[in-house]
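These notes are about the structure you will find just below.
2 protein chains.
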Amino acid sequence: MKQHIFLTRRPETLPTWNAAFPNARLMPYPTSDSALAKSGEAIIWLHIAGDKPDPALLVQESALAAPGCAVVVLSNVPSDEEGLAVLEAGAVGYTNSLAVPEVLRQVAAVVENGGLWVGPSLMQRLIAGMATRSGQINNGQLGKLSAREREVALAVAGGASNKEIARRLQISERTVKAHLTAAFERLGVRDRLQLSLLINGLPSPAAEFQKTVH
Amino acid sequence: MKQHIFLTRRPETLPTWNAAFPNARLMPYPTSDSALAKSGEAIIWLHIAGDKPDPALLVQESALAAPGCAVVVLSNVPSDEEGLAVLEAGAVGYTNSLAVPEVLRQVAAVVENGGLWVGPSLMQRLIAGMATRSGQINNGQLGKLSAREREVALAVAGGASNKEIARRLQISERTVKAHLTAAFERLGVRDRLQLSLLINGLPSPAAEFQKTVH
DNA sequence: GGCCTACCTGCCCTTTGGTTCAATGGCAGT
DNA sequence: ACTGCCATTGAACCAAAGGGCAGGTAGGCC
Numbered sequence: 002m003k004q005h006i007f008l009t010r011r012p013e014t015l016p017t018w019n020a021a022f023p024n025a026r027l028m029p030y031p032t033s034d035s036a037l038a039k040s041g042e043a044i045i046w047l048h049i050a051g052d053k054p055d056p057a058l059l060v061q062e063s064a065l066a067a068p069g070c071a072v073v074v075l076s077n078v079p080s081d082e083e084g085l086a087v088l089e090a091g092a093v094g095y096t097n098s099l100a101v102p103e104v105l106r107q108v109a110a111v112v113e114n115g116g117l118w119v120g121p122s123l124m125q126r127l128i129a130g131m132a133t134r135s136g137q138i139n140n141g142q143l144g145k146l147s148a149r150e151r152e153v154a155l156a157v158a159g160g161a162s163n164k165e166i167a168r169r170l171q172i173s174e175r176t177v178k179a180h181l182t183a184a185f186e187r188l189g190v191r192d193r194l195q196l197s198l199l200i201n202g203l204p205s206p207a208a209e210f211q212k213t214v215h
Numbered sequence: 002m003k004q005h006i007f008l009t010r011r012p013e014t015l016p017t018w019n020a021a022f023p024n025a026r027l028m029p030y031p032t033s034d035s036a037l038a039k040s041g042e043a044i045i046w047l048h049i050a051g052d053k054p055d056p057a058l059l060v061q062e063s064a065l066a067a068p069g070c071a072v073v074v075l076s077n078v079p080s081d082e083e084g085l086a087v088l089e090a091g092a093v094g095y096t097n098s099l100a101v102p103e104v105l106r107q108v109a110a111v112v113e114n115g116g117l118w119v120g121p122s123l124m125q126r127l128i129a130g131m132a133t134r135s136g137q138i139n140n141g142q143l144g145k146l147s148a149r150e151r152e153v154a155l156a157v158a159g160g161a162s163n164k165e166i167a168r169r170l171q172i173s174e175r176t177v178k179a180h181l182t183a184a185f186e187r188l189g190v191r192d193r194l195q196l197s198l199l200i201n202g203l204p205s206p207a208a209e210f211q212k213t214v215h
């Protein structure tokens, strides 16, 4: 059972958090990085109220201050856009700050197992948006990769950086590079950009360019 | 605690299911609709082995036979495409049929709370695919760039390195970088990979649309 | 037991990519 | 003549990507 740290601007709010995790630590925000850094393995619950500071930035700062910790965002006014932003920034969970304790524990269990938690609403949108063009992904190529390599390769094909991938998969950046190097080798490409083109099934590399210079 | 009903063609398989839910009911598949109908509130675990019958259809049949019940799909050979298909068809969960009891209970808990469960791999793809598109629905795209910037951007979108572009356009590598920096700025992307995705029309449905009308 | 593969990571290095702070010259419009 | 945009480039710099070497775990197979 990991430790739970709630970062918030209003420490007095939301007794539901304590109901969910009696042994949770409540820290005012902003917090000194050092305080977070030595907290070890923990789940950071980042409470965002307004959009004054960019939520995505807050996530990245928190992740930076507490390396190895999963960051879950609690929003007062959840929206799909905000959820998308924080998840892209490396958060592994996004939910309503008023969620009942049961749901909070649920989220905690999921992220502890290396999962990602998003609400039903956002999830539906993700699925709907993806379904329309899922056929374009090149799977013959992906079959050549191991499970982990495939995960990394797909993230790269989506435009993610090594750091982001490491954060999402809870592995070191070095390991991401290792998987990528293996993927490049197996698929016969030289870098992440060509990997992206291959996976996304796009016209042969440099074809567009050739047209412009012929 | 809801009831758990496992639908499978091979009732003898997978003791892990019973380990996860000792009080589960195992029903051979296909099942008479009536038997399912009177089961009341339950979670239907639909075990699919091959792709002989369309998994998506099976989900819809099950959902029809047992109204109000959540349907979770267990696949012997999980793939992102299959997952996408069954989730679209109305399933609220998709995971490996060999998943350990802990994960199964995890899934059950999530769907009982009205959540949707997808595996990390598929989730990764959903996020990666969706994330980059948040921001630019306005695709003036290449039109926003100067002639030279467009040339360089297209070359990058095709997978070329700065050095290659410099050589083929007969300019210095430094100039290539200058054009690229300008292009990133104008298109609102952060690096060459995202530029590639944007230009190639992957990030946004709107981009696809623009391409088809012009 | 060895052997293989997948997976994970450290340290350290080179290469590439990207930016900052400049400068120069052409070319069009007012 | 002045202003603005564009193309071009250098030097220097920092960050990201990629890979070599070395090591660790864990599981499957013979």
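Chains as they are written, first to last, in this note's numbering: chain A, 2 to 215; chain B, 2 to 215. Each residue gets a CB set at the ideal place from its N, CA and C atoms; glycine is no exception.
{"Item": "Within 8 Å, strictly: CB atoms of L85 of chain B and I45 of chain B", "Value": "no"}
{"Item": "Chain A contact for Q195 of chain B (CB, 8 Å cutoff)", "Value": "yes"}
{"Item": "is_contact[Q61 of chain B, chain A] using C-beta, thresh 8 Å", "Value": "no"}
{"Item": "Buried or exposed by the 16-neighbour rule on C-beta atoms within 10 Å, applied to D55 of chain B", "Value": "exposed"}
{"Item": "Coarse secondary structure for R10 of chain A, derived from DSSP in three states", "Value": "coil"}
{"Item": "Any chain B beta carbon closer than 8 Å to G94 of chain A", "Value": "no"}
{"Item": "Pairwise C-alpha distance: V153 of chain A and P79 of chain A", "Value": "28 Å"}
{"Item": "Best match in B:A109, B:N77, B:R106 for proximity to S98 of chain B [C-alpha to C-alpha]", "Value": "B:N77"}
{"Item": "Status (buried if at least 16 other CB within 10 Å, exposed otherwise) for V112 of chain A", "Value": "buried"}
{"Item": "Contact with chain A by A184 of chain B, beta-carbon distance below 8 Å", "Value": "no"}
{"Item": "Contacts that M124 of chain B makes with chain A (C-beta to C-beta distance below 7 Å)", "Value": "L117"}
{"Item": "Contact set between L188 of chain A and chain B, taken where Cβ atoms lie within less than 7 Å", "Value": "Ordered by position in chain B, no residue passes the 7 Å Cβ test against L188 of chain A, which lies about 13 Å from the chain."}
{"Item": "Unbroken stretches of the beta strand (DSSP E), 3 residues or longer, contained in the stretch 83-128 of chain A", "Value": "94-97"}
{"Item": "Contacting residues, own chain, Cβ-Cβ under 8 Å from V60 of chain B (five flanking each side not counted)", "Value": "L47, V72, V74, V87, A90, G91, A92"}
{"Item": "Member of B:F185, B:A67, B:W118, B:Q195 whose CA lies at the smallest distance from the CA of V157 of chain A", "Value": "B:Q195"}
{"Item": "Distance cut-off 7 Å: A43 of chain B Cβ against heavy atoms of the ligand GDP", "Value": "Among the components modelled here there is no ligand, and therefore nothing to report on the ligand GDP."}
{"Item": "Exposure of S147 of chain A, with buried meaning 16 or more beta-carbon neighbours within 10 Å", "Value": "exposed"}
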